[in-house]
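Asks: Let me begin by handing over the structure; questions about it come next.
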Amino acid sequence: MIRLVGILVGLGFAFVALLAFGVGAYNAATDPAAETAEHAFHLESEMPEGGYSFTGPIPSWDVAQLQRGYQVYKEVCSACHSLNQLAFRDLSELGYSEDEVKAEAASWTTIPGIDPTTGEAVLRPGLPTDGFPAPYANDVAARAANNNAVPPDLSLMTKARHNGTAYVYSLLTGYQQPSAELATRFPDSMPGPGLNHNPYFANLNLAMAPPLSDNQVTYADGTPATVEQMATDVAAFLTWTAEPSLVDRVRLGWLVMGFLLFLTVLAWLAKKQVWADAKRKD
Amino acid sequence: MSFPWAKRYEPTNPLMKFLDEKLPLPRLVYDAVGAGYPVPRNLSYMWNFGVLAGFCLVLQIVTGVVLAMHYASNSGLAFDSVEHIMRDVNWGWLMRYAHANGASAFFVVIYLHIFRGFYYSSYKPPREMIWLIGVVIFLLMMATAFMGYVLPWGQMSFWGAKVITGLFGAIPLIGEPIQQWLLGGFAPDNAALNRFFSLHFLLPFVIAGCVILHIWALHIPGSSNPTGVEVKTESDTLPFHPYYTAKDGFGLAVFLLLYCAFLFFMPNALGHPDNYIPANPMSTPALIVPEWYFYPFYAILRAFTFDFILPAKLWGVLAMFSAILVWFFLPWLDRSPVRSGNYRPLFRKFFWFGLMPCMAALFYLGGTHAEEPYIMFSQIATAYYFLHFLVILPIISSIERPEPLPFSITEAVLGSDGNAVLSDNAKPVA
Ligand code: HEM
């Protein structure tokens, strides 16, 4: 009885699934889906030439690079993008001393605070314990200033996109004029007013104008500030903000793997020894 | 329970004697996973996954309890509290990655455990109850993992919760009220997040209770084995300890190596980047997919695209739930008297060239964009899935001619008949 009912139910589901298959196949044959502009023009992100110190089997942070990247964030990106998950004290991990962190925090002068005498809302210089301030009071203000797009928080950006470090680098260096082919084949995918063409962006056009131009910042260590260089550095910095534990994690991982390998060998030998006498013991 | 030749617990130490009189806990352990539990001598490594699943459950409970100490189940705070765990809590990143990857490891182990059951027909008498409890555990795990994935309150958390609870909306008439009742609102929000956290904390302990029943039921007939021939004499068995404790110990070490490789070197490989974007009801992600371990069932859900009498969505929901519910009926669908696939030529062909490729396809297709040709493939795989369990298995079991079975486990392992003296160089198959 169960088998009879089962066979009927099974045939029923299989029939409906195959019916849907037939209809889908018919539609696909008579009316094939047109290629989309994203499919034809979207590019996969690539790492900058030379790579990074934090990729590869034994990663490390290049502190000078992170400091440069922080400078780019501070002097360029922070005009539009927040960094919500970070506090100034976190900068101590970038090789700044306690006093330097204090001075750095104080150089940000727009921290919302309260006047100690009147109780009124004021803007004050930062303390190491403060979080990074957001550039806009709310999303409405952010939209109003950015062609109806909200600049996303950057703290987790490199984890929130596929292949994130390469993505940030490629996006910042990837702005270009839309090709003539795009204009003829997909006129709807040409950048509209206030949008900028970038083949690394999911739908090819984004509201962020190219934020970097050569020599936009002056690096303290004298590194030439090309767009490439700044993009490389800020992508490294954002990798650190997204995952400050990255280097510690991988390095600890090797210790753990070494220990586990040793344990596995011991466990194997123990197993072999225990089972060796299985033939006699019966 | 157990076999008459099982060794008996005889404490010599006065403290153990005292304990044994007042509360015989050591005796329980001795008889359950010690020298007092005889086990078939020919179990392969496919029999390691039960112990590994138990390990995963403990791992999830320990890391989960620590996470719960720092996590805030409020829709305004949840996302940031998870980042607080990652950044500010000492070893918080380790706990969180251990928990998130632990859930994946748990499902890898459980799927292998279940597929072992399919191949060796572990669901057949006298082990039906063990199998039924196992399917209940699997359903509870799915519920737990689904609600856990909602907790970080990222984009996939939110939209996943919306899509999955939306499935109930496909039920005619009562669907929408049920959906609203489950969520405590019209869309996932604070009320949903709070109850999901409460249930996500509770269900693992319910699972632990079911695991106790599962093992209790197991210890009545004892484990099956790769031949599927039941234990007959003492020479068919070995005491659990030290033989299988040693073998499970080695299995655990190998498992930990693989698990830690993910945990330390690619902790986000199995997750979805969108879940690092805070939940935003106003912006729908380009692709909404659940965690990988739900892919087969998600593929089945999306395979139904055609309204045939019932709306397509309702077919999808019915099929998705039925895909797991059919497992409950396996003991009565497959009536072959032979258990092990090793002695069932036809069954074996359909297992390796039918069911396994079908599952592999469904695992892949559940994660793809809902577009052609993926949908067409998932429609074929879905049809085969139901035909396999509900039509092919019952038919095979009545027409197939099984290959000859060994007389006993001893014979299968040692190549002599069960009564012969065992030669010194006869080697057991590990
Ligand atoms: C059957 C066992 C369990 C499974 C399969 C499971 C699964 C999951 C999953 C998939 C997540 C989302 C992970 C992420 O994306 O970060 C999660 C999160 C969480 N789980 Fe569990 N879990 C289990 C047991 C527990 C237990 C016993 C507790 C606490 C008592 C717990 C507490 C939490 C907490 C607080 C979170 C949110 C923090 C986070 O997202 O990292 N879990 N769980």
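Just so you know, the protein sequences line up as chains F and V, in that order. Following my numbering, the numbering of the first sequence begins with 854 at its first residue and continues without gaps. Following my numbering, the numbering of the second sequence begins with 5 at its first residue and continues without gaps. All C-beta atoms, glycine included, are put in the ideal place defined by N, C-alpha and C. Here the structure is a predicted model, which is why all the values come from computation and not from measurement.
With 9 Å set as the bound, which would you pick, yes or no: does the beta-carbon of Ile89 of chain V sit closer than that to a beta-carbon of chain F?
Replies: No, Ile89 of chain V lies away from the interface with chain F (no Cβ there is under 9 Å from its Cβ).
Asks: When the Cα atoms are used, what is the spatial distance from Pro965 of chain F to Lys1012 of chain F?
Replies: C-alpha separation (whole angstroms): 29 Å.
Asks: Take the Cβ of Asp35 of chain V as the centre, count every other Cβ of all protein chains shown within 10 Å, and call the residue buried at 16 or more, exposed below.
Replies: Buried, because 16 or more other Cβ atoms sit within 10 Å of the Cβ of Asp35 of chain V.
Asks: Check whether the Cβ of Thr386 of chain V lies closer than 9 Å to any Cβ atom in chain F.
Replies: Yes, contact with chain F.
Asks: Nearest to Arg1038 of chain F by CA position, among F:Glu891, F:Arg1102 and F:Ala873, is which residue?
Replies: The shortest C-alpha separation from Arg1038 of chain F is found at F:Glu891.
Asks: Would you grab the beta carbon distance between Asn279 of chain V and Pro156 of chain V for me? Rounded to a whole angstrom, and I think it's under 8 Å.
Replies: Indeed they touch by this definition, with Cβ atoms about 6 Å apart.
Asks: Please report the Cβ distance between Leu1059 of chain F and Phe894 of chain F, rounded to the nearest whole angstrom; I am assuming they are in contact, meaning their Cβ atoms lie under 8 Å.
Replies: Contact flag wrong, Cβ pair sits at about 14 Å.
Asks: Applying the 10 Å Cβ sphere with the 16-neighbour rule, what's the burial state of Gly922 of chain F?
Replies: Burial call: buried.
Asks: In chain F, which residues lie with their C-beta within 8 Å of the C-beta of Asn272 of chain V?
Replies: Near Asn272 of chain V (Cβ distances below 8 Å), the residues of chain F are Lys1012.
Asks: So which of F:Trp1128, F:Pro1031, F:Leu1116 and F:Ala1019 has the shortest CA-CA distance to Met900 of chain F?
Replies: Taking only the C-alpha atoms, the option nearest Met900 of chain F is F:Ala1019.
Asks: So, with DSSP's three-state summary, where would you put Pro18 of chain V?
Replies: In the structure shown, Pro18 of chain V sits in a helix (DSSP, three-state: H, G or I).
Asks: So, Val916 of chain F versus Val1070 of chain F, is the Cβ gap smaller than 9 Å?
Replies: Result no, Cβ atoms of Val916 of chain F and Val1070 of chain F do not sit closer than 9 Å.
Asks: Using the Cα positions of Ala1129 of chain F and Gly38 of chain V, report the straight-line distance between them to the nearest angstrom.
Replies: If you take the alpha carbons of Ala1129 of chain F and Gly38 of chain V, they lie about 19 Å apart.
Asks: Return the bridge partner residues of Asn818 of chain F from the DSSP annotation.
Replies: With chain F running from 854 to 1135 in the structure shown, residue 818 of chain F is simply not present.
Asks: Please list the partners that Val395 of chain V has in chain F, where partner means a Cβ-to-Cβ separation under 7 Å.
Replies: Ile860, Gly863 and Leu864, listed in chain order.
Asks: Expressed to the nearest angstrom, what Euclidean distance is found between the alpha-carbon atoms of Phe308 of chain V and Arg996 of chain F?
Replies: In a straight line, the C-alpha of Phe308 of chain V is about 40 Å away from that of Arg996 of chain F.
Asks: Which complete beta strand (DSSP E) runs does the stretch 932-1011 of chain F hold, if anything under 3 residues is left out?
Replies: For the stretch 932-1011 of chain F, whole beta strand (DSSP E) runs of length 3 or above, ordered along the chain, are 964-967 and 974-977.
Asks: Please confirm if the stretch 288-296 of chain V is in contact with the stretch 358-365 of chain V, defined as three or more CB-CB distances below 8 Å between the two stretches.
Replies: Output reads no: the stretch 358-365 of chain V does not touch the stretch 288-296 of chain V.
Asks: Please report the Cβ distance between Val43 of chain V and Phe244 of chain V, rounded to the nearest whole angstrom; I am assuming they are in contact, meaning their Cβ atoms lie under 8 Å.
Replies: Rounded, the Cβ-Cβ distance is 5 Å, consistent with contact.
Asks: Where does Arg131 of chain V land, buried or exposed, given buried means 16+ other C-beta within 10 angstroms?
Replies: Counting Cβ neighbours within 10 Å, Arg131 of chain V comes out buried, since at least 16 surround it.
Asks: Using Cβ-Cβ distances below 9 Å, what residues of the stretch 34-46 of chain V are close to chain F?
Replies: Correct list: Arg45.
Asks: Using only alpha-carbon positions, find the residue among V:Tyr13, V:Tyr41 and V:Leu47 that is nearest to Thr414 of chain V.
Replies: The shortest Cα separation from Thr414 of chain V among V:Tyr13, V:Tyr41 and V:Leu47 belongs to V:Leu47.
Asks: Taking its Cβ as the centre, do 16 or more other Cβ atoms sit within 10 Å of Ile211 of chain V, making it buried, or is it exposed?
Replies: Buried, since its Cβ has 16 or more Cβ neighbours within 10 Å.
Asks: Please compile the residues from chain F whose C-beta is within a distance smaller than 7 Å of the C-beta of Ala283 of chain V.
Replies: Going along chain F, no residue has its Cβ under 7 Å from Ala283 of chain V, so there is no contact; the nearest lies around 13 Å.
Asks: Using a beta-carbon distance cut-off of less than 9 Å, what residues from the stretch 1085-1103 of chain F approach chain V?
Replies: From the stretch 1085-1103 of chain F, only Ala1095, Glu1096, Pro1097, Ser1098, Asp1101, Arg1102 and Val1103 have a Cβ closer than 9 Å to chain V.
Asks: Measuring CB to CB, does Asn1000 of chain F end up less than 9 Å from Gly1075 of chain F?
Replies: Not in contact: Asn1000 of chain F and Gly1075 of chain F (Cβ atoms no closer than 9 Å).
Asks: Let me confirm a value: Asn1068 of chain F is counted as buried when at least 16 other C-beta atoms fall within 10 Å, else exposed. Which label applies?
Replies: Asn1068 of chain F comes out exposed.
Asks: Alpha carbon to alpha carbon, how far is Glu25 of chain V from Pro18 of chain V? Give it in angstroms, no decimals.
Replies: Cα to Cα, Pro18 of chain V sits roughly 11 Å from Glu25 of chain V.
Asks: Measuring straight from C-alpha to C-alpha, what distance separates Ala374 of chain V and Leu1119 of chain F?
Replies: Between Ala374 of chain V and Leu1119 of chain F, the C-alpha separation is close to 48 Å.
Asks: Please confirm if Trp296 of chain V has its CB atom under 9 Å from at least one CB of chain F.
Replies: By this cut-off, Trp296 of chain V is not an interface position.
Asks: Counting only runs of 4+ residues fully inside the stretch 24-77 of chain V, write out the alpha helix (DSSP H) ranges in chain order.
Replies: DSSP runs (the alpha helix (DSSP H)) wholly in the stretch 24-77 of chain V: 29-37 and 53-74.
Asks: So with Cβ pairs under 9 Å, would you call Ala265 of chain V a contact of chain F?
Replies: It does: the Cβ of Ala265 of chain V has a partner Cβ on chain F nearer than 9 Å.
Asks: Sort F:Arg977, F:Ala959 and F:Trp961 by Cα distance to Ile967 of chain F and report the nearest one.
Replies: The shortest C-alpha separation from Ile967 of chain F is found at F:Arg977.
Asks: Whole angstroms is fine: what's the gap from Asp1135 of chain F's alpha carbon to Pro129 of chain V's?
Replies: Summary for Asp1135 of chain F: the model assigns pLDDT 41, below 50, so the residue's position carries little reliability; its value from the coordinates is reported in the next sentence. So the alpha carbons of these two residues sit roughly 28 Å apart.
Asks: What three-state label does DSSP hand Pro243 of chain V in the structure shown?
Replies: In the structure shown, Pro243 of chain V sits in a strand (DSSP, three-state: E or B).
Asks: Please report whether the beta-carbon of Pro432 of chain V lies at a distance below 9 Å from any beta-carbon of chain F.
Replies: Confidence at Pro432 of chain V is low in this model, with a pLDDT of 46, below 50, so the placement of that residue should be treated as unreliable; the coordinate-derived value is given next. At least one chain F Cβ lies under 9 Å of Pro432 of chain V.
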